[in-house]
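Novice:
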Amino acid sequence: MLKMVDEYEQEMIAALEKDLRRPKQECMIVELDFLRNDLKNILYNINDWVKPERPEKTFVNLLDDVVIYHDPYGVVLVMGAWNYPIQLLLVPVAAAIAAGNCVVLKPSEIAESCSKLMGELVPKYLDNECFPVVCGGIPETTELLKQRFDYIFYTGSTMVGKIVHKAANEHLTPVTLELGGKSPCYIDSTADIEKTVRRVLWGKMINAGQTCIAPDYILCSKETEDKFITEARKVLREWYGDNIKDSPDISRIIHQRAFSRLINLIKSSDVAVGGSSDASERFIEPTILTNVKGTDPVMQEEIFGPILPIVRIENAFEAINFINSREKPLACYVFSKIQKQINLITQNVPAGGFTINDTIMHIGVDSLPFGGIGYSGMGNYHGKFGYDTFTHRKSCLQKNFNALGEFLASGRYPPYSEKKTSI
Ligand code: NAD
231 MLKMVDEYEQ EMIAALEKDL RRPKQECMIV ELDFLRNDLK NILYNINDWV
281 KPERPEKTFV NLLDDVVIYH DPYGVVLVMG AWNYPIQLLL VPVAAAIAAG
331 NCVVLKPSEI AESCSKLMGE LVPKYLDNEC FPVVCGGIPE TTELLKQRFD
381 YIFYTGSTMV GKIVHKAANE HLTPVTLELG GKSPCYIDST ADIEKTVRRV
431 LWGKMINAGQ TCIAPDYILC SKETEDKFIT EARKVLREWY GDNIKDSPDI
481 SRIIHQRAFS RLINLIKSSD VAVGGSSDAS ERFIEPTILT NVKGTDPVMQ
531 EEIFGPILPI VRIENAFEAI NFINSREKPL ACYVFSKIQK QINLITQNVP
581 AGGFTINDTI MHIGVDSLPF GGIGYSGMGN YHGKFGYDTF THRKSCLQKN
631 FNALGEFLAS GRYPPYSEKK TSI
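Going by our numbering, the letters in the sequence shown line up with residues 231 to 653, in that order.
Dropping the structure here:
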């Protein structure tokens with residue numbers, strides 16, 4: 231797989247360009263190098279990971295062997311999503327292979343060029359009998375889901391996640407569901423506003439906001455909101471110039487339906503920054519919305535586009551109440567210099583994961599499990615956690631026939647007596 235990425239890097243970048251008009255540097259950072267690092271991490275550690283575990287023994291088992299063997303589940307179905315169509319497919323596939331499974335790969339048909347490329351390339355590098363690629367849309371996925379798999383790993387929306395979970399249930403197949411949701415971003419008055427704005431806007435703007443852990447909305451006071459907006463105008467001009475549409479550094483919205491949905495969200499709100507769009511290119515300018523209420527349309531669904539609403543709150547307690555009155559998010563962000571405030575939120579908000587004083591970056595730490603909770607998903611992966619996800623831990627207790635062991639355990643045999651069981 232690593233060889234495939236190295237040898238077909240240009241073709242992958244071209245396919246990402248075609249599907250999303252993704253800038254080359256973004257393709258490298260968030261897609262191809264991300265995948266490469268994961269593959270190298272597996273190759274570097276695999277010999278250690280696969281070793282049978284020898285857990286601590288209790289007094290009762292001192293004479294025995296206690297081992298945990300690592301078994302693959304068998305045949306795994308991995309379904310990718312369109313927003314990072316290469317790495318979201320191949321990172322879990324690599325983990326499944328590392329754990330010894332066969333894998334049916336199902337790229338998302340919505341990223342058409344990348345899906346086609348995966349269908350062509352994977353059979354050139356991986357044994358097609360063990361790792362077939364099934365391309366297609368909803369009818370093909372529906373057929374696939376009727377099959378009995380030993381494990382299903384799905385990345386995509388919560389709505390389809392429920393369909394996958396239901397289908398898996400038919401065969402009692404275990405699942406990992408990597409889903410989405412609205413990831414909040416709380417900014418308090420102590421945050422370094424210049425750095426905060428850059429880090430929030432970067433997290434929002436990679437792949438034009440079509441990132442599962444993009445900061446979905448901001449929670450802050452009126453004073454912080456004013457500073458954020460002033461700084462955001464400066465940063466956006468610095469990054470994309472005066473004519474933002476001409477910048478080569480902004481991806482496009484995946485398809486017309488998603489574009490129209492996003493435009494409707496903008497229409498129903500107060501635009502403080504940006505707001506322009508071009509349907510012919512599916513371009514949407516980075517847009518910041520103010521005077522947003524929790525009941526507004528933009529706060530009812532995951533945005534998945536370059537739109538950033540700001541909801542005014544007064545303090546961290548209000549932020550916690552606001553977040554916890556909604557579905558549990560995949561990611562949560564806090565910007566503050568006060569450790570007590572940070573702890574208050576990290577300890578009281580159930581979320582898939584956190585980055586403090588930045589956005590997105592926790593996804594790149596191999597030693598952190600990546601996954602959601604509640605409607606944002608179940609299970610996790612990345613690094614060793616991916617290997618563990620696709621591994622069945624098979625317990626084995628081995629006894630021997632020596633006389634002492636037999637004597638110590640003899641109390642279990644009938645005829646039962648108080649004396650025998652007190653040995
Ligand atoms: P998608 O549309 O690419 O769907 C994924 C798969 O589901 C596709 O193969 C598609 O054929 C299949 N599918 C769609 N409708 C179906 C149906 N009715 N029956 C059976 N199969 C069906 O991806 P998406 O759902 O648009 O992805 C966007 C969502 O994914 C966002 O919510 C985002 O937050 C989430 N996401 C999560 C992660 C994560 O790691 N947690 C990563 C990326 C995206």
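C-beta: ideal position from N, C-alpha, C; glycine also.
With DSSP as the reference, label V522 as helix, strand or coil.
Specialist: Along the sequence shown, one-based indexing puts residue 522 at 292. Of the three classes helix, strand and coil, the one that applies to V522 here is coil, per DSSP.
Novice: What ranges does the alpha helix (DSSP H) occupy inside the segment 427 to 511, keeping only unbroken runs of at least 4 residues that lie completely in it?
Specialist: Here the runs fully enclosed are 452 to 470 and 486 to 497.
Novice: Measuring alpha carbon to alpha carbon, tell me which of Y384, N551, I543 and P536 ends up nearest G505.
Specialist: Here residue 505 refers to the residue found at position 275 of the sequence shown. Ranking Y384, N551, I543 and P536 by Cα distance to G505 puts P536 first.
Novice: Near I259, what residues of its chain come up, given a Cβ to Cβ distance below 7 angstroms and the 5 sequence neighbours on each side ignored?
Specialist: For the purposes of this step, residue 259 is identified with residue 29 of the sequence shown, where counting begins at 1. Counting only Cβ-Cβ distances below 7 angstroms, and skipping sequence neighbours, we find nothing.
Novice: Quick one: does the C-beta of G616 sit closer than 8 angstroms to a heavy atom of ligand 1?
Specialist: For this step, residue 616 is matched to residue 386 along the sequence shown. Checking every heavy atom of ligand 1 against the Cβ of G616, none is found closer than 8 angstroms.
Novice: Which residues mark the beginning and the end of the beta strand (DSSP E) in which Q628 is found?
Specialist: As a position in the sequence shown, residue 628 is number 398, starting the count at 1. Per DSSP, Q628 belongs to the beta strand (DSSP E) from T621 to Q628.
Novice: Heavy atom of ligand 1 less than 8 angstroms from the Cβ of F534, yes or no?
Specialist: Counting from one through the sequence shown, the residue named residue 534 turns up at place 304. Yes, ligand 1 has a heavy atom inside 8 angstroms of this Cβ.
Novice: Can you name the start and end residues of the alpha helix (DSSP H) that M348 belongs to?
Specialist: If you number the sequence shown from 1, residue 348 lands on position 118. E342 to Y355 is the extent of the alpha helix (DSSP H) around M348.
Novice: Does the contact criterion of 3 or more C-beta pairs under 8 angstroms hold for the segment 548 to 562 versus the segment 601 to 619?
Specialist: Short answer: they touch.
Novice: If we count Cβ pairs, one from each stretch, closer than 8 angstroms, do we get three or more for the segment 609 to 619 versus the segment 447 to 457?
Specialist: No: the two stretches stay apart, fewer than three of their Cβ pairs being nearer than 8 angstroms.
Novice: Pick from M234, R284, L232 and Y314: whose alpha carbon is nearest that of L250?
Specialist: Here residue 250 is taken as the residue at index 20 of the sequence shown, counted from 1. Selected option, being the one with the closest Cα: Y314.
Novice: What is the C-beta distance between A462 and L431, in whole angstroms, given that I count them as a contact (C-beta under 8 angstroms)?
Specialist: In the sequence shown, the residue the question calls residue 462 occupies position 232. In the sequence shown, the residue the question calls residue 431 occupies position 201. Sure, about 6 angstroms apart at Cβ, within 8 angstroms.
Novice: Of the residues L538, L347 and F264, which one's Cα is nearest the Cα of V501?
Specialist: Taking the first residue of the sequence shown as 1, we reach residue 501 at position 271. Comparing Cα positions, the closest option is L538.
Novice: Any idea what DSSP makes of R266, helix, strand or coil?
Specialist: Locating residue 266 in the sequence shown gives position 36, where the first residue counts as 1. Helix at R266.
Novice: Between the Cα of R487 and those of I480, R512 and D479, spot the shortest distance and give me the residue it belongs to.
Specialist: Translated into the one-based positions of the sequence shown, residue 487 becomes position 257. Measuring from the Cα of R487, the nearest candidate turns out to be R512.
Novice: What did DSSP end up calling R668 once you bin it into helix, strand or coil?
Specialist: Nothing can be reported for residue 668: it is not among the residues displayed for the chain, which extend from 231 to 653.
Novice: Considering only residues of the same chain and omitting the five flanking positions on each side of F379, which have a CB-CB separation below 7 angstroms?
Specialist: Within the sequence shown, residue 379 is the residue found at index 149, counting from 1. The residues are V305, V306, L307 and T403.
Novice: Three-state secondary structure (DSSP) at C257?
Specialist: As a working note, residue 257 is residue 27 in the sequence shown. Three-state DSSP puts C257 in a helix.
Novice: Are three or more beta carbon pairs between the segment 430 to 447 and the segment 402 to 422 nearer than 8 angstroms?
Specialist: Output reads yes: the segment 402 to 422 touches the segment 430 to 447.
Novice: Ligand 1 and S566: does the residue's C-beta get closer than 8 angstroms to at least one heavy atom of that ligand?
Specialist: On the sequence shown, residue 566 is found 336 positions in, with the first residue counted as 1. Result no, Cβ not under 8 angstroms from ligand 1.
Novice: Do you know whose CA, among N275, C442 and I298, lies nearest A328's CA?
Specialist: If you number the sequence shown from 1, residue 328 lands on position 98. If we check each option's Cα against that of A328, N275 comes out closest.
Novice: In the DSSP assignment, the alpha helix (DSSP H) including A546 goes from what residue to what residue?
Specialist: The sequence position of residue 546 within the sequence shown is 316, counting from 1. Unbroken alpha helix (DSSP H) run through A546: A546 to N554.
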